[in-house]
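Here is the structure we will look at, set down as structure tokens.
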Amino acid sequence: MTKYTDQGKQDTRSGYGAGMTELGRTNPNVVALCADLVGSLKIDTFIEENPERFFQVGIAEANMMGIAAGLTIGGKIPFASTFANFATGRVYDQIRQSIAYSDKNVKICASHSGLTLGEDGATHQILEDIGLMKMLPGMTVINTCDYNQTKAATLAIAEHHGPVYLRFGRPKVANFTPVDQKFEIGKALMLNEGTDVTILATGHLVWQALMAAESLENQGISAEVIDIHTIKPLDSKAILDSAKKTGCVVTAEEHNYLGGLGESVARVLASHHPTPQEFVATQDTFGESGTPEQLMEKYGLNNKAIEEAVLKVLKRK
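Take the sequence shown: its letter number 89 is residue 89 in full-length UniProt numbering, and every next letter is one higher.
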């Protein structure tokens, strides 16, 4: 049985806000930028305590990325935050040229990612952002699973030099990782050791993977669950060590199967240890309006879908 329990549901974007509050008190070089979404990004306390270190750019996201790039030249550590769709798709050229190509120390922090944005619908539910960002040379890509991990990641990326894309979400989800955790960029976390199948999950699908593992255990199937919070740089060693042990892999993500975690894992396996793999992800589609629970059910992004993928991949061993 999993050793993790839900400490009380919280939204991961509030974990970002808590991290920003702490950084405001401990790192004078951290500055915040936002595109008219302060309340949604939960950075109100940072602004109240550090008004001179906040820049409200308005609905001008491309300009925000340019300003953030410029601020790094003076030694500042800018955290530029907005919805994931506007933080990537709308401003991709500015990120590519002014931040990634120029190797600027900008932290792009994106809330409301994936289907769990919910009722705002397909225009706001970006399911391509991990792919867009991981393809940029030098860009670190992080997708956190709960409130505590998001706060820890926010603190960690302030210490990391170079451009970072930090992805988190809107709904209240299980908060199950340690409060005092040390977040290591590029280091996968073993959550549940197993011998029959490896489940590699990221973001909101990590808790769903743990629930699936518990159900599978009741069926006599031993599932290893690994939290891949950093998609780039990817912890290839952890993936290969587990795949060699179990002989089959399921990847789970709130993202298109094209360009996401699953493809990154498939590249590692194909290059070093070909292994049967199944993908739990959206199937090259846009989303639609609905509650997060309705959408995750319809698009096959929950513990039941992970269980089905495990049963399917076990037959391919």
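Just so you know, even glycine gets a beta-carbon here, dropped at the ideal spot from N, CA and C. In this text the structure is predicted, and so the values were computed from the model without any measurement.
In this chain, the alpha helix (DSSP H) harbouring residue 67 covers 61-73. Between the stretch 100-116 and the stretch 70-88, the count of C-beta pairs closer than 8 Å reaches three or more; the two stretches touch.
Pairwise C-beta distances place the stretch 147-156 out of contact with the stretch 111-122, as fewer than three of them are shorter than 8 Å. As DSSP reads the structure, residue 10 sits in a beta bridge with 173.
For the set 145, 45 and 111, the Cα lying nearest the Cα of residue 6 is the one of 145. Separation of residue 109 and residue 135 (C-alpha to C-alpha, rounded to the nearest whole angstrom) is 17 Å.
Restricting attention to 252, 268, 82 and 165, the CA atom closest to the CA of residue 304 is found in 252.
Taking a contact to require three or more Cβ pairs closer than 8 Å, the stretch 273-293 and the stretch 305-317 qualify as touching. If you draw a straight line from the Cα of residue 78 to the Cα of residue 266, it is about 34 Å long.
For residue 147, the uninterrupted alpha helix (DSSP H) segment begins and ends at 147-159. Counting C-beta pairs with one atom in each stretch, the stretch 221-231 and the stretch 126-143 have three or more that are closer than 8 Å, which means they touch. If you ignore the 5 residues before and after residue 92, its C-beta comes within less than 7 Å of the C-beta of 132, all in its own chain and listed in chain order. The three-state reading of DSSP puts residue 139 in coil, since its state is none of H, G, I, E or B. Cβ-Cβ distances below 6 Å link residue 39 to nothing in the same chain once the five nearest sequence neighbours on each side are left out.
In the three-state reduction of the DSSP assignment, residue 56 falls in the strand class, which pools E and B.
Among the bridge pairs identified by DSSP, residue 34 is matched with 56 and 81.
Burial check for residue 30: the Cβ neighbour count within 10 Å reaches 16 or more, so the residue is buried.
Per DSSP, reduced to three states, the secondary structure at residue 251 is strand. By the criterion of a C-beta distance shorter than 8 Å, residue 161 is surrounded in its chain by 105, once the five residues flanking it on both sides are discounted.
Below 8 Å, enough C-beta pairs join the stretch 78-89 and the stretch 32-52 to call them touching: three or more. As the crow flies, the alpha-carbon of residue 164 is around 14 Å from that of residue 111. The count of Cβ pairs closer than 8 Å, one atom from the stretch 166-178 and one from the stretch 3-19, reaches three, so the stretches are in contact. A straight line joining the alpha-carbon of residue 298 with that of residue 313 spans about 21 Å. Distance from the Cα of residue 225 is smallest, within the candidate group 219, 205, 236 and 113, for 205. Residue 179 counts as exposed, since fewer than 16 other C-beta atoms from the protein chains shown sit within 10 angstroms of its C-beta.
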